[in-house]
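Report on the following structure.
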Amino acid sequence: MTLLDVNKLSISFGGLRAVDDFNLQIEKGELYGLIGPNGAGKTTVFNLLTGVYKPNEGIIKLDGEDITRKNTVQINQAGIARTFQNIRLFKQMSVIDNVKVGLSERFKYSAIEGILHVGKYRKVEKEMNEEAMKLLKVFDLDGEKDTLASNLPYGKQRKLEIARAMATDPKLLLLDEPAAGMNPNETKELMDTISLVRKEFGMTILLIEHDMKLVSGICEKLTVLNFGRVLCQGETKEVLANPEVIKAYLG
Amino acid sequence: MSFLTYLISGLSLGSIYAIIALGYTMVYGIAKMLNFAHGDFIMVGCYIIFSVTASLGGNPLLGILVAVVLCTILGITTEFVAYRPLRGAASPLAVLITAIGVSYFLENVALLIFGADIKSFTSVISWEGLSFADGQLRIQGVTIVTILISVLVLVVLQLFIKKTKQGQAMLAVAEDKGAATLMGIDVNKTIMLTFAIGSALAAIAGALLCSAYPSLSPYTGAMPGIKAFVAAVLGGIGSIPGAMIGGLVLGIVEILSKTYISSQLSDAIVFGILVIVLLVKPTGILGKKIQEKV
Numbered sequence: 001m002t003l004l005d006v007n008k009l010s011i012s013f014g015g016l017r018a019v020d021d022f023n024l025q026i027e028k029g030e031l032y033g034l035i036g037p038n039g040a041g042k043t044t045v046f047n048l049l050t051g052v053y054k055p056n057e058g059i060i061k062l063d064g065e066d067i068t069r070k071n072t073v074q075i076n077q078a079g080i081a082r083t084f085q086n087i088r089l090f091k092q093m094s095v096i097d098n099v100k101v102g103l104s105e106r107f108k109y110s111a112i113e114g115i116l117h118v119g120k121y122r123k124v125e126k127e128m129n130e131e132a133m134k135l136l137k138v139f140d141l142d143g144e145k146d147t148l149a150s151n152l153p154y155g156k157q158r159k160l161e162i163a164r165a166m167a168t169d170p171k172l173l174l175l176d177e178p179a180a181g182m183n184p185n186e187t188k189e190l191m192d193t194i195s196l197v198r199k200e201f202g203m204t205i206l207l208i209e210h211d212m213k214l215v216s217g218i219c220e221k222l223t224v225l226n227f228g229r230v231l232c233q234g235e236t237k238e239v240l241a242n243p244e245v246i247k248a249y250l251g
Numbered sequence: 252m253s254f255l256t257y258l259i260s261g262l263s264l265g266s267i268y269a270i271i272a273l274g275y276t277m278v279y280g281i282a283k284m285l286n287f288a289h290g291d292f293i294m295v296g297c298y299i300i301f302s303v304t305a306s307l308g309g310n311p312l313l314g315i316l317v318a319v320v321l322c323t324i325l326g327i328t329t330e331f332v333a334y335r336p337l338r339g340a341a342s343p344l345a346v347l348i349t350a351i352g353v354s355y356f357l358e359n360v361a362l363l364i365f366g367a368d369i370k371s372f373t374s375v376i377s378w379e380g381l382s383f384a385d386g387q388l389r390i391q392g393v394t395i396v397t398i399l400i401s402v403l404v405l406v407v408l409q410l411f412i413k414k415t416k417q418g419q420a421m422l423a424v425a426e427d428k429g430a431a432t433l434m435g436i437d438v439n440k441t442i443m444l445t446f447a448i449g450s451a452l453a454a455i456a457g458a459l460l461c462s463a464y465p466s467l468s469p470y471t472g473a474m475p476g477i478k479a480f481v482a483a484v485l486g487g488i489g490s491i492p493g494a495m496i497g498g499l500v501l502g503i504v505e506i507l508s509k510t511y512i513s514s515q516l517s518d519a520i521v522f523g524i525l526v527i528v529l530l531v532k533p534t535g536i537l538g539k540k541i542q543e544k545v
């Protein structure tokens with residue numbers, strides 16, 4: 001079943017067509033890679049999918065629902081969560097609080113109850129803590145729950161960002177260059193984390209990546225972007241063997 | 252003994268500045284704007300209490316309650332009508348100038364309704380206070396209540412921000428608005444709540460201010476508002492404990508310099524301190540320098 005269905009997506013900045021006639025279909029449970037040279041428009045696609053930019057043309061459907069004109073909060077609630085190329089954790093907050101921010105739209109009590117610490121406050125906060133700890137355990141971060149996010153080592157910050165995104169209970173997880181700045185060991189560990197997310201949560205994942213070892217190692221399908229246009233699309237092996245793709249990458 | 256008396260009255264005035272500064276600092280920290288109309292919310296609160304108690308003969312507590320509710324509504328409305336449409340504006344000056352406009356607007360509306368003459372405000376606190384050392388050291392009831400309330404406000408606010416999901420959402424928005432919305436946090440709602448809390452605090456500060464200094468005019472809130480802003484900057488704008496410390500330092504310095512140096516010069520000394528602090532530590536006493544990683 002198709003989870004994400006993107007049709008004829010385009011956006012221009014001034015005279016530059018950053019993304020042009022972009023199509024993408026992702027099946028439920030798939031691990032899909034979006035690759036391409038620097039400046040090809042990969043992150044712009046992510047920004048379009050999450051509502052940061054509004055497309056000039058095209059339709060984005062998630063699980064059959066048209067989310068093209070929704071804002072970022074609505075799209076998150078519809079089921080898309082993401083991480084960022086340059087990690088954007090809430091650095092002044094603890095590990096568990098970062099995850100709880102991700103949880104906060106799913107657990108409700110009023111501000112008045114919060115100020116006075118009455119009503120549903122205690123019960124809901126307890127549930128939130130339990131849920132957050134469950135997630136942190138999956139990502140093996142439960143031992144550092146009270147550490148400030150900025151004090152975590154790099155690899156764990158990446159992990160926490162994925163955990164925070166998972167806290168919003170998404171249908172589709174977008175990972176923007178998760179292996180950026182990682183050494184081979186950290187990349188290996190990241191690949192394990194991604195596999196874990198698929199196994200634990202049956203998550204559908206779309207990721208942008210430059211690390212070809214990671215891409216060929218875990219992605220089932222690939223789309224190659226070049227100058228905002230789709231250069232090639234299909235099974236990972238076939239795409240990576242395509243002479244045009246090799247040319248775009250190696251110049 | 253007299254020094255102690257002055258110190259305590261400085262603490263009391265400082266506590267009022269602190270409560271006002273908390274409103275300034277929260278709005279700045281989360282919405283990244285300076286609400287220069289904040290001081291006038293105090294004045295509005297005072298007039299509401301005045302109307303309920305003096306004109307309608309109501310209970311002072313009822314007056315405070317009505318003032319808190321109406322100021323909260325005023326804060327939310329102001330944010331919605333005047334500030335929200337400018338949030339995406341190219342220059343942060345647009346919203347700053349609008350805030351100054353709102354300030355003049357509120358002062359002039361008050362002028363229209365209540366006139367320019369100074370109203371004498373009946374203290375909402377009727378307690379006489381305490382007397383120590385055979386009556387040599389007397390502390391007024393309003394002084395004690397003011398200090399206690401400011402401590403209470405600080406504790407409740409800190410607990411709210413650290414321990415509730417709305418507070419966490421505020422911290423998240425303060426740090427990274429973009430990332431917060433992508434995690435499903437409604438930034439507009441969060442900023443609205445910040446204004447609501449800040450304005451409610453302004454009403455409480457108004458009740459305490461006019462109880463300690465019982466004269467009320469449309470410009471009552473202007474000077475305390477500016478001084479509370481100085482207090483917030485002094486303590487490190489955006490920091491809640493900073494606002495508290497800045498407020499207390501400012502109140503004590505103001506009263507002591509009025510007493511021991513010159514009552515005309517006291518405001519000059521207060522603002523002089525701001526200049527010095529900004530020269531030595533531009534981020535304020537508790538302000539943190541946040542380094543942007545590129």
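If you're matching them up, the sequences are chains A and B in order.
Sequential numbering from 1 applies to the first sequence in the numbering used here.
Sequential numbering from 252 applies to the second sequence in the numbering used here.
Here a beta-carbon is modelled for each residue, glycine too, at the ideal position from N, C-alpha and C.
Of the listed residues B:G261, B:Y268 and B:L262, nearest to I491 of chain B (C-alpha basis): B:Y268
Given 8 Å, three or more beta-carbon pairs between the stretch 415-422 of chain B and the stretch 231-242 of chain A: no
Pair within 8 Å by beta-carbon distance, K145 of chain A and S94 of chain A: yes
Length-filtered (3 minimum) beta strand (DSSP E) runs lying within the stretch 115-199 of chain A: 172-176
8 Å Cβ cutoff met for L262 of chain B and L530 of chain B: no
Alpha carbon of K137 of chain A to alpha carbon of I412 of chain B, nearest angstrom: 25 Å
Helix, strand or coil at I208 of chain A [DSSP, three-state]: strand
Residues of the stretch 153-184 of chain A with Cβ closer than 7 Å to any Cβ of chain B, in chain order: R164 and T168
CB contact check: E543 of chain B to chain A, cutoff 8 Å: With a pLDDT of 46 at E543 of chain B, under the threshold of 50, the modelled position of this residue cannot be trusted; read the value that follows with caution. Chain A contact via Cβ: absent.
Buried versus exposed, by CB contacts within 10 Å (16 or more), V528 of chain B: buried
Where L9 of chain A falls: helix, strand or coil (DSSP): strand
Where T373 of chain B falls: helix, strand or coil (DSSP): coil
Contact set between Q76 of chain A and chain B, taken where Cβ atoms lie within less than 8 Å: It is worth fixing the name first, because residue 76 of chain A is Asn in this sequence and not Gln. Those within 8 Å of N76 of chain A in chain B are T432, L433, M434 and G435.
Those residues which DSSP pairs with R389 of chain B across a bridge: B:S382
CB contact check: E65 of chain A to chain B, cutoff 8 Å: no
Proximity test, F301 of chain B beta-carbon vs the ligand ATP heavy atom, cut-off 7 Å: Looking for the ligand ATP in the displayed structure turns up nothing, as the structure carries no ligands at all.
Any chain A beta carbon closer than 8 Å to F411 of chain B: yes
Boundaries (first-last residue) of the beta strand (DSSP E) holding F22 of chain A: L16 to E27
Of the listed residues B:I400, B:T276 and B:F331, nearest to T534 of chain B (C-alpha basis): B:T276
Whole-Å CB distance - T193 of chain A paired with F139 of chain A, under 8 Å assumed: 7 Å
Contacts that T50 of chain A makes with chain B (C-beta to C-beta distance below 7 Å): L433
Selection from A:N86, A:F90, A:I87 and A:A132 that minimises the alpha carbon distance to F107 of chain A: A:A132
Listed by chain order, chain D residues near K91 of chain A by CB distance under 8 Å: No chain D is part of this structure, whose protein chains are labelled A and B.
Sequence-distant residues of the same chain with beta carbon closer than 7 Å to G418 of chain B, five excluded per side: F411 and I412
Host beta strand (DSSP E) of T471 of chain B (start-end): Per DSSP, T471 of chain B belongs to no beta strand (DSSP E) and is neither H nor E.
Identity of the residue in B:I436, B:A333, B:G290 and B:I259 nearest S468 of chain B by Cα: B:G290
Three-state secondary structure (DSSP) of K54 of chain A: coil
Residues near R267 of chain A by beta carbon distance below 8 Å, same chain, minus five either side: The structure shown does not extend to residue 267 of chain A, since chain A is modelled only from 1 to 251, so the question has no answer here.
Whole-angstrom distance between A482 of chain B and K134 of chain A, CA atom to CA atom: 43 Å
Per-residue contacts from V407 of chain B into chain A (C-beta, under 7 Å): I115
Bridge partner(s) assigned by DSSP for V230 of chain A: A:L225
For A81 of chain A, three-class secondary structure by DSSP: strand
Buried versus exposed call for G228 of chain A [16 or more other C-beta atoms within 10 Å across all chains shown]: buried
Proximity winner among A:K54, A:T44, A:I96 and A:M166, relative to E130 of chain A (alpha-carbon distances): A:I96
Test: A18 of chain A CB closer than 8 Å to a CB of chain B: no
Contact under 8 Å by Cβ, A179 of chain A with E209 of chain A: yes
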